Each structure stands twice: as C-alpha cells, then as structure tokens.
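Undergrad: Mind having a look at this structure? Questions to follow.
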Amino acid sequence: MRSLVQAEKVMQIAFVLPCAMLLGWGLGWCVDHFLHVGWATFVGLVLGLIAGMVSVIRTAVTAMNSISDRGSK
C-alpha cells in the first residue's frame with residue numbers, strides 16, 4: 000500500500016504545474032480585465048509557473064528522500 004501512495008505523490012507532479020500556470024493566467028487575466036492593465040496576464044502566468052515549479056521540486060525531493068530512506072532500512 001505504501002508504494003501506491005508514493006506513486007500517487009509522483010503522479011501529482013503532472014497536474015500541479017499546469018494547474019498552477021492556469022490559475023496564475025486566470026488571475027492575471029481577471030486583473031487585466033477589471034483594472035485595465037496590459038501586463039498582469041503575463042505576470043500571473045510567470046508567477047504561476049514559478050509556484051508550480053516550486054511545488055514540483057518539493058514533491059520530487061520528498062519522493063526521492065522517502066525512496067532513499069526506504070532503501071537504507
């Protein structure tokens with residue numbers, strides 16, 4: 000059962016980055032639309048990309064640490 004939980008955590012990586020980018024883009028578009036500025040969509044997309052990459056890296060490091068801990072037992 001532990002290996003299935005680990006596999007789910009690794010599969011999460013495939014969804015986190017696109018979702019973060021989509022959320023950043025959507026929030027940036029809303030700021031552009033309601034405040035009539037032209038740069039918020041790009042900034043939201045970049046911030047979403049950065050947030051997604053941070054989450055992906057954290058998830059990958061956690062998964063690798065748990066695999067190495069399990070191998071050392």
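Mapping of the sequence shown onto numbering that gives the first Met the number 0: residues 0 to 72, in sequence order.
Just so you know, even glycine gets a beta-carbon here, dropped at the ideal spot from N, CA and C.
All of these numbers come straight from a predicted model, not from anything done at the bench.
(1) Cβ of residue 16 less than 7 Å from any chain B Cβ?
(2) Just the C-alpha distance for residue 41 and residue 13, rounded to the nearest angstrom, thanks.
(3) Quick check on this structure: which residue in 29, 30, 33, 51 has the alpha carbon closest to the alpha carbon of residue 15?
(4) How many Å lie between residue 11 and residue 63 at the Cα?
(5) Would you say residue 27 touches the ligand FAD, meaning its beta carbon is less than 6 Å from a heavy atom?
(6) Does DSSP put residue 27 in a helix, a strand or coil?
(7) Can you name the start and end residues of the alpha helix (DSSP H) that residue 5 belongs to?
TA: From the atom records:
(1) You won't find chain B in this structure, because it holds only one protein chain.
(2) By one-based count along the sequence shown, residue 41 stands at place 42. By one-based count along the sequence shown, residue 13 stands at place 14. Residue 41 and residue 13: Cα-Cα distance of roughly 22 Å.
(3) In the sequence shown, residue 15 corresponds to position 16, counting from 1. Comparing Cα positions, the closest option is 51.
(4) The residue labelled residue 11 in the question sits at position 12 within the sequence shown. The residue labelled residue 63 in the question sits at position 64 within the sequence shown. Residue 11 and residue 63: Cα-Cα distance of roughly 14 Å.
(5) This structure lacks the ligand FAD, and indeed carries no ligand of any kind.
(6) The count along the sequence shown starts at 1 and reaches residue 27 at position 28. In the structure shown, residue 27 sits in a helix (DSSP, three-state: H, G or I).
(7) Position 6 of the sequence shown, counting from 1, holds the residue named residue 5. Residue 5 -> alpha helix (DSSP H) spans 1-10.
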